[in-house]
Every structure is written in structure tokens, then in C-alpha cells.
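Student: Attaching a single structure in C-alpha cells format; questions to follow.
Below, the structure written as C-alpha cells:
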């Protein structure tokens with residue numbers, strides 16, 4: 001069983017990287033006392049949520065949020081997946097009608113699908129969009145374009161350009177963080193940029 005939940009605010013995310021990033025982002029937004037739990041991958045929400053739902057302290061939760069990537073499909077598919085999991089294990093929780101919205105039942109509930117509640121993609125895209133005006137990002141785009149052109153056709157089908165761009169960008173920074181969570185802890189993402197506007201609004205609406 002998961003560690004006891006000690007806050008009425010709960011946020012469930014995909015992986016430890018996201019857990020670290022959202023910890024930093026919530027602090028930036030001056031949102032306090034949010035318990036964050038990670039699933040270990042977008043396919044593992046179905047395992048995480050029923051475990052969390054029977055964890056000591058869950059009955060006291062008043063505000064719950066879910067964040068996962070759209071991956072290769074439009075956001076509606078990921079939104080439906082999370083919604084079905086919540087319906088199955090906690091049917092009393094009122095769900096929002098669309099990604100990015102907040103349902104205000106007895107428990108406030110919101111589901112945010114990266115990068116923008118509409119298109120395919122992931123958190124890596126959102127982070128990189130926040131630094132798109134930088135010279136380093138411009139060089140990253142050039143490098144990845146060249147690198148991708150060198151791939152064999154059979155390798156292109158499973159080439160993750162989102163993660164490739166992230167790793168290339170991070171490789172050009174002074175301390176070379178291993179992932180987007182560590183990058184957030186180093187202050188590399190611009191949380192004040194328009195790229196983070198929607199997720200910032202979502203978190204404030206849900207938890208404040």
C-alpha cells in the first residue's frame with residue numbers, strides 16, 4: 001500500500017521526472033501542501049490509482065488532479081483513459097467534461113493532458129516550447145533535424161523526437177541534467193512563458 005496521504009490536495013503524474021518538475025512548478029506558483037504521486041509511466045495509471053484510492057488519507061482529499069501525456073494520439077484519447085480509471089474505482093467523483101477543465105463536485109477534479117489538452121505530444125514539448133526563443137533551442141532544432149536524417153528507415157518508426165530534442169537541449173547546458181525534472185530543479189524552464197500559461201492556470205484553478 002502507498003504511503004499515507006497527508007494533504008487534502010493530491011496530484012497524480014506519470015513518472016518521477018514529472019513529480020520533480022511539478023514540485024518546482026507548484027512552488028513557483030506559491031501553491032503549498034500538494035501530495036504528488038507518480039505512476040511510473042502513462043500505462044501504469046490503472047495500477048497507481050486503485051492503490052492510491054485505498055491509501056490512508058485518501059478519504060480526506062478535497063482536490064485531485066491528473067497529468068499525463070497525450071503521446072502519439074490526440075488528447076481526447078488520454079483524457080478518456082484517465083476518466084475511465086477514475087469512474088471504475090471512485091464513481092462518486094465528478095469528472096470534468098474535457099481535458100484542462102475542473103469539475104467542482106464534493107471533490108474538485110481536473111485532468112490535464114500534455115502538451116496542450118488538444119494535440120499529440122508530451123511534457124517534453126511544453127518544456128522546450130518555454131525556451132523556444134533561445135539560441136540553444138535553435139541549435140538543438142538544427143542538430144536533431146540532421147541526426148534524424150541519418151536514421152535508417154526502420155529506425156524512424158520508433159524514434160522519439162520529443163525526448164531526442166530534450167536530451168540534445170540539456171546536453172548544451174552547463175550542468176547537463178539527466179531529465180526534465182532535474183532541469184526544472186536547475187531553473188532551466190521558463191515557467192513565466194506563454195507555453196506554461198494553460199497548465200499554470202489549471203493548477204491555480206484546482207488547488208487555490
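In the working numbering, the protein residues as written are 1 to 208.
Idealized CB from N, CA, C, for every residue including glycine.
Note that the coordinates shown come from a computational prediction; the quantities given were computed from them, not determined experimentally.
State the DSSP-derived secondary structure class of residue 31, mapped to helix, strand or coil.
Tutor: coil
Student: In chain order, what residues of the same chain lie with their CB nearer than 8 Å to the CB of residue 205, ignoring the 5 residues before and after it?
Tutor: 102 and 110
Student: Less than 8 Å separating the beta-carbons of residue 124 and residue 158?
Tutor: no
Student: Could you tell me the boundaries of the alpha helix (DSSP H) in which residue 181 lies?
Tutor: 180 to 185
Student: Helix, strand or coil: which one does DSSP assign to residue 9?
Tutor: strand
Student: Please list the terminal residues of the continuous beta strand (DSSP E) segment that includes residue 227.
Tutor: No answer is possible for residue 227: the residues shown for the chain start at 1 and end at 208.
Student: So, using beta-carbon positions, are residue 37 and residue 12 closer together than 8 Å?
Tutor: yes
Student: At the level of alpha carbons, what is the spacing between residue 174 and residue 114?
Tutor: The straight-line gap from Cα to Cα measures roughly 27 Å.
Student: Of all the options 28, 53 and 32, which has the alpha carbon lying nearest to the alpha carbon of residue 3?
Tutor: 53
Student: How big is the Cα-Cα spacing for residue 32 and residue 202?
Tutor: 15 Å
Student: Output the boundary residues of the alpha helix (DSSP H) element that contains residue 199.
Tutor: Element bounds for residue 199: 197 to 207.
Student: Taking the beta strand (DSSP E) that residue 69 belongs to, which residues open and close that run?
Tutor: 63 to 69
Student: Would you say residue 5 and residue 58 are within 8 Å of each other, going by their C-beta atoms?
Tutor: yes
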